[in-house]
Amino acid sequence: MPTDDRLERTREVYRAFSSGDRAAVERYLSDDFSFSSPLDVALDRAGYFERCWPGAGLGQTFEFIRLVQSGDEVIVTYEVRHPDGHKGRNTEVLTFRGDEVRGTEVYFGWNVE
326 MPTDDRLERT REVYRAFSSG DRAAVERYLS DDFSFSSPLD VALDRAGYFE
376 RCWPGAGLGQ TFEFIRLVQS GDEVIVTYEV RHPDGHKGRN TEVLTFRGDE
426 VRGTEVYFGW NVE
């Protein structure tokens, strides 16, 4: 998959999460998808939807600070603004196989004023 396509697919994943479009996210994730963050290590696809999906579609918006492809990975740094006005900054690494996301590693903890 060309770089531009993976960068656009990455944007699509975040837009779908923001809007709560689970069907789109399900199409983008591989069957053996794995999700890890400091709070959730090595969740499988079902675990991701159980643990993380309830946070989707709550009116948050993402502003991309960094989108960089390196091999099969896309490094994403974004600022998220929640409806109550608070913002945060996270960095995530999405690993692709073909046009599917097969893994996400999340690094977070920044509060932004």
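First residue of the sequence shown: 326, per the working numbering; consecutive thereafter. Heads up, the beta-carbon is just placed ideally off N, CA and C, and yes, glycines get one too.
With 16 or more other CB atoms across the displayed protein chains lying within 10 angstroms of its CB, residue 331 is buried. Contact between the segment 343-357 and the segment 382-401 is present: 3 or more CB-CB pairs across the two stretches fall below 8 Å. In the structure shown, residue 426 adopts extended strand secondary structure according to DSSP, grouped into three states. The bridge partners DSSP lists for residue 400 are 393, 418. Judged by DSSP in its simplified three-state form, residue 438 adopts coil rather than helix or strand. Spanning the alpha carbons of residue 431 and residue 417 requires a straight line of approximately 4 Å. For residue 362, the three-state secondary structure derived from DSSP is coil.
The DSSP-derived three-state label of residue 332 is helix.
In the three-state reduction of the DSSP assignment, residue 372 falls in the helix class, which pools H, G and I.
Selection 403, 352, 399, 375 evaluated against residue 429 yields 399 as nearest (Cα-Cα).
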